[in-house]
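Quick notes on the structure that follows.
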Amino acid sequence: MKYRRFGKTNWQISEVGYGMWGLAGWTGSDDNEVQKSLELSVELGCNFFDTAWGYGEGLSEQILGKLLKKHADKQLYAATKIPPKNFIWPSKSHFELKDCFPAQHIIEYTEKSLKNLGVEQIDLQQFHVWEDAWANNDDWKEAVQKLTQEGKVKHWGISVNRWEPNNCLRSLETNLFSSVQVIYNIFDQNPEDQLFPLCQKLDIGVIARVPLDEGSLTGLLDYTTTFPADDWRSTYFVPENLTSSVDHANALKPLVPANMDMPEMALRFILSNPAVGTIIPGMRKIKHVKSNIGTSDGQGLAPNLLEELKQHRWERQPTEWSQ
1 MKYRRFGKTN WQISEVGYGM WGLAGWTGSD DNEVQKSLEL SVELGCNFFD TAWGYGEGLS
61 EQILGKLLKK HADKQLYAAT KIPPKNFIWP SKSHFELKDC FPAQHIIEYT EKSLKNLGVE
121 QIDLQQFHVW EDAWANNDDW KEAVQKLTQE GKVKHWGISV NRWEPNNCLR SLETNLFSSV
181 QVIYNIFDQN PEDQLFPLCQ KLDIGVIARV PLDEGSLTGL LDYTTTFPAD DWRSTYFVPE
241 NLTSSVDHAN ALKPLVPANM DMPEMALRFI LSNPAVGTII PGMRKIKHVK SNIGTSDGQG
301 LAPNLLEELK QHRWERQPTE WSQ
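Numbering follows the UniProt record's numbering, in which position 86 of the sequence shown is assigned residue number 86; successive positions increment by one, without gaps.
Written as structure tokens, this is what we have:
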């Protein structure tokens, strides 16, 4: 495992972190294999774990808490997120701060996360949705400063809404945030335009989420793929999105080098960008832990392949199904 400096935190974090959404609320998870996958990730050098209260109403946080307790002798970094008060993902431009993150709500859910994680201080507490219009509102700033001064949160971050990488730029300028979490992959290259340059200027760590585009960049979906009704992906891969996603993935298949598969190419594309601190693929199976962490060997993609992949940038706008 290779490590990168994570912005102003000065943490050395694993290039491949662990996204923990799939551990609560996705079909196809086996609790025993999940535990073995988490253990293997630590053994292979993963030290950054990203969860949220919203992943199973604290269940994912509790799973991480047990892992932290078991490996108390290791430096493992726990990142979690505060759900919006109205529990609507993503936020909408007309939402007011009081609808999502009034000060008392920030404090209340930070306390819940502390309890679920079993820690006295959260390494990285993030806002699970965001609107840059809130940048100058003092209410959230007072809560952030209070919890920081009390030693309950070490660093703060923003998890940016899907396909809105610039909806946080003014907020990052407040100097209250140490990280930003954003969708970045072969299809979603927009963060390179404004967000990444600003993060490098302000020394803000970047967490790249959804590296496999919710599964389309595995190359395993086809036009008939379906998901159970209680699986979040059933509301995301609606027919118009599934068809387009498979079309775009199929166009990539001829570019996959002979010595790798599409998921590996997708992860190496992200790791080839020095602006990224860590990527957080979901890893519910042992084979995924081995293959994903195996991409952290310092070997980026060939420059000519990177140039070809840049031509597969897919411009998308938020819709009702794109939460």
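We treat Cβ as the ideally placed atom computed from N, Cα and C, and that holds for glycine.
These numbers were taken from a predicted model, which means no experiment stands behind them.
Test item: CB-CB of residue i and residue j under 8 Å
{"i": "residue 151", "j": "residue 177", "result": "no"}
{"i": "residue 216", "j": "residue 249", "result": "yes"}
{"i": "residue 65", "j": "residue 118", "result": "yes"}
{"i": "residue 108", "j": "residue 80", "result": "no"}
{"i": "residue 53", "j": "residue 83", "result": "yes"}
{"i": "residue 279", "j": "residue 228", "result": "no"}
{"i": "residue 213", "j": "residue 245", "result": "yes"}
{"i": "residue 188", "j": "residue 314", "result": "yes"}
{"i": "residue 159", "j": "residue 181", "result": "yes"}
{"i": "residue 205", "j": "residue 6", "result": "yes"}
{"i": "residue 218", "j": "residue 257", "result": "no"}
{"i": "residue 140", "j": "residue 101", "result": "yes"}
{"i": "residue 44", "j": "residue 289", "result": "yes"}
{"i": "residue 104", "j": "residue 153", "result": "no"}
{"i": "residue 198", "j": "residue 225", "result": "no"}
{"i": "residue 300", "j": "residue 271", "result": "yes"}
{"i": "residue 302", "j": "residue 196", "result": "no"}
Supposed contact pair residue j and residue i - C-beta distance, whole angstroms, cut 8 Å
{"i": "residue 186", "j": "residue 209", "result": "Wrong, their Cβ atoms sit about 14 Å apart, outside the cutoff."}
{"i": "residue 309", "j": "residue 255", "result": "7 Å"}
{"i": "residue 236", "j": "residue 321", "result": "6 Å"}
{"i": "residue 166", "j": "residue 194", "result": "5 Å"}
{"i": "residue 106", "j": "residue 143", "result": "4 Å"}
{"i": "residue 75", "j": "residue 116", "result": "Rounded, the Cβ-Cβ distance is 20 Å, inconsistent with contact."}
{"i": "residue 324", "j": "residue 123", "result": "This structure does not reach residue 324, given that the chain is present from 1 up to 323, and the question cannot be answered."}
{"i": "residue 20", "j": "residue 51", "result": "4 Å"}
Residue i, enclosing alpha helix (DSSP H) - first and last residue
{"i": "residue 42", "result": "31-43"}
{"i": "residue 200", "result": "195-202"}
{"i": "residue 245", "result": "239-252"}
{"i": "residue 62", "result": "59-70"}
{"i": "residue 304", "result": "303-310"}
Extent of the continuous beta strand (DSSP E) run through residue i
{"i": "residue 48", "result": "48-50"}
{"i": "residue 205", "result": "205-209"}
{"i": "residue 127", "result": "122-127"}
{"i": "residue 234", "result": "Element bounds for residue 234: not the beta strand (DSSP E) but the alpha helix (DSSP H), 233-236."}
{"i": "residue 322", "result": "That residue, residue 322, is in no beta strand (DSSP E); it is neither H nor E in DSSP."}
{"i": "residue 14", "result": "12-14"}
{"i": "residue 5", "result": "3-5"}
Test: residue i CB closer than 8 Å to a CB of chain E
{"i": "residue 176", "result": "Absent from the structure: chain E. Only one protein chain is present."}
Within the segment 74-113, note down every full alpha helix (DSSP H) run reaching 4 residues or more, in order along the chain. Listed in chain order, they are 97-100.
Is the segment 290-303 touching the segment 3-17 in the sense that three or more CB pairs, one from each, lie closer than 8 Å? The segment 3-17 makes contact with the segment 290-303; the number of CB pairs closer than 8 Å reaches 3 or more.
At which residue ranges does the segment 256-285 contain complete alpha helix (DSSP H) runs of 4 or more residues, listed in the order of the chain? Qualifying alpha helix (DSSP H) stretches, in chain order: 262-271.
Any chance you could list the beta strand (DSSP E) runs of at least 3 consecutive residues sitting entirely within the segment 143-189, in chain order? Annotation: the segment 143-189 contains the following complete segments of the beta strand (DSSP E) (minimum length 3 residues), in chain order: 153-159 and 179-183.
The segment 165-175 touching the segment 114-134, judged by at least three CB pairs closer than 8 Å: Output reads yes: the segment 114-134 touches the segment 165-175.
Between the segment 92-100 and the segment 65-74, do three or more beta carbon pairs fall short of 8 Å? Counting Cβ pairs under 8 Å, fewer than three are found: no touch.
Please confirm if the segment 274-285 is in contact with the segment 36-47, defined as three or more CB-CB distances below 8 Å between the two stretches. The segment 274-285, when compared against the segment 36-47, does touch it at the 8 Å Cβ threshold.
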